[in-house]
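Shown next, in structure tokens, is the structure this report addresses.
Structure, rendered in structure tokens:
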């Protein structure tokens with residue numbers, strides 16, 4: 070498995086021997102009151118004692134889609150707002166699952182915290198410093214998780230979803246209703262992908278969304294690449 074880096078960028082760390090898998094937790098699952106129990110049950114059943122967990126944007130990103138029309142943002146502006154919201158989602162999921170949280174820029178330098186177990190990875194800073202993906206709605210946290218797996222040479226990717234993959238199902242890239250449009254371009258090169266339906270009970274009504282004043286999201290800056298993360 071290989072990961073390319075723009076010219077002049079420091080090569081990413083190879084975490085293949087340290088991290089057995091990366092899992093992406095879909096934002097539609099955040100509303101489940103027993104989310105922690107479901108994740109822990111899967112970890113036990115799958116003998117998955119260690120890995121990285123990437124949280125999707127959750128309902129806030131759905132709000133960005135609506136507010137893009139209301140506020141007149143470009144796709145790129147909406148993209149970066151959604152990326153920034155993933156940092157909030159990482160903090161919330163780490164708190165709910167009682168897991169430590171780590172900045173992806175530290176992992177990118179090969180810095181791994183002491184101890185074993187699962188870590189919730191906050192990818193916002195790394196994405197802003199490297200800017201590796203299309204800046205539109207063809208990219209969601211599915212593609213971000215796949216990009217991280219390839220960048221760090223992690224061979225297994227698990228996607229926690231609210232429904233199972235459609236059958237027949239040769240590859241997650243075959244189901245465009247399950248993953249984003251860019252996801253299929255990141256497959257291959259030794260990356261194993263598994264879809265896990267983590268929802269089995271009726272949904273819990275989410276809170277009403279609140280509107281906020283329109284503003285222009287801050288563009289990415291490469292100056293943040295090594296900013297004390």
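Numbering (the numbering used here), first residue to last: 70 to 298.
Built from N, CA and C at the ideal position, the CB exists for glycine as well.
All of these numbers come straight from a predicted model, not from anything done at the bench.
Q) Smallest Cα separation from residue 170: which of 258, 121, 128 and 212? A) The residue with the shortest Cα to Cα distance from residue 170 is 121.
(Q) Please report the straight-line C-alpha distance between residue 155 and residue 93, rounded to a whole angstrom. (A) Each residue's alpha carbon lies about 12 Å from the other.
Q: Check each candidate in 107, 251, 152 and 90 and name the one with the smallest Cα separation from residue 226.
A: The residue with the shortest Cα to Cα distance from residue 226 is 90.
Q: Going by CA-CA distance only, name the one from 168, 219, 207 and 262 that's closest to residue 249.
A: Out of 168, 219, 207 and 262, 207 has the C-alpha closest to the C-alpha of residue 249.
Q) Under three-state DSSP, which class holds residue 188? A) In the structure shown, residue 188 sits in a strand (DSSP, three-state: E or B).
Q.
With the cut-off set at 7 Å, would you say residue 105 and residue 197 are in Cβ contact?
A. The Cβ-Cβ distance between residue 105 and residue 197 does not fall below 7 Å.
Q. In or out: residue 300 buried (at least 16 other Cβ within 10 Å) or exposed?
A. Limits of the chain in this structure are 70 at one end and 298 at the other, which puts residue 300 out of reach.
Q: Specify, as a first and last residue, the run of the alpha helix (DSSP H) that residue 94 falls within.
A: Run containing residue 94: none in the alpha helix (DSSP H); it sits in the beta strand (DSSP E), 91 to 94.
Q. Would DSSP call residue 103 helix, strand or coil?
A. Under the three-state reduction of DSSP, residue 103 is assigned to coil, being neither helix nor strand.
Q) Expressed to the nearest angstrom, what Euclidean distance is found between the alpha-carbon atoms of residue 83 and residue 153? A) So the alpha carbons of these two residues sit roughly 25 Å apart.
Q.
Could you tell me the alpha carbon to alpha carbon distance between residue 233 and residue 173, rounded to whole angstroms?
A. Computed Cα separation, rounded: 28 Å.
Q: Measure the CB-CB distance between residue 168 and residue 189 and report whether it falls below 7 Å.
A: The criterion of a C-beta distance shorter than 7 Å is satisfied by residue 168 and residue 189.
Q | Ranges of the alpha helix (DSSP H) found wholly within the region 145 to 211, counting only runs of at least 4 | A | If we require 4 residues or more, the alpha helix (DSSP H) runs fully inside the region 145 to 211 come out as 173 to 177 and 193 to 199.
Q | Coil, strand or helix - residue 109 by DSSP | A | In the three-state reduction of the DSSP assignment, residue 109 falls in the helix class, which pools H, G and I.
Q: Please classify residue 201: is it buried, with 16 or more other beta-carbons within 10 angstroms of its beta-carbon, or exposed?
A: With 16 or more Cβ atoms within 10 Å of its Cβ, residue 201 is classed as buried.
(Q) Suppose contacts are defined by Cβ-Cβ distances below 7 Å. Is residue 119 in contact with residue 184 by that definition? (A) With a cutoff of 7 Å on beta-carbon distance, residue 119 and residue 184 are scored as not near each other.
Q | Three-state class that DSSP yields for residue 81 in the structure shown | A | Three-state result, residue 81: coil.
Q.
Contact defined as beta carbons within less than 8 Å: I believe residue 115 pairs with residue 162. What is the distance between those atoms, to the nearest angstrom?
A. Wrong, their Cβ atoms sit about 18 Å apart, outside the cutoff.
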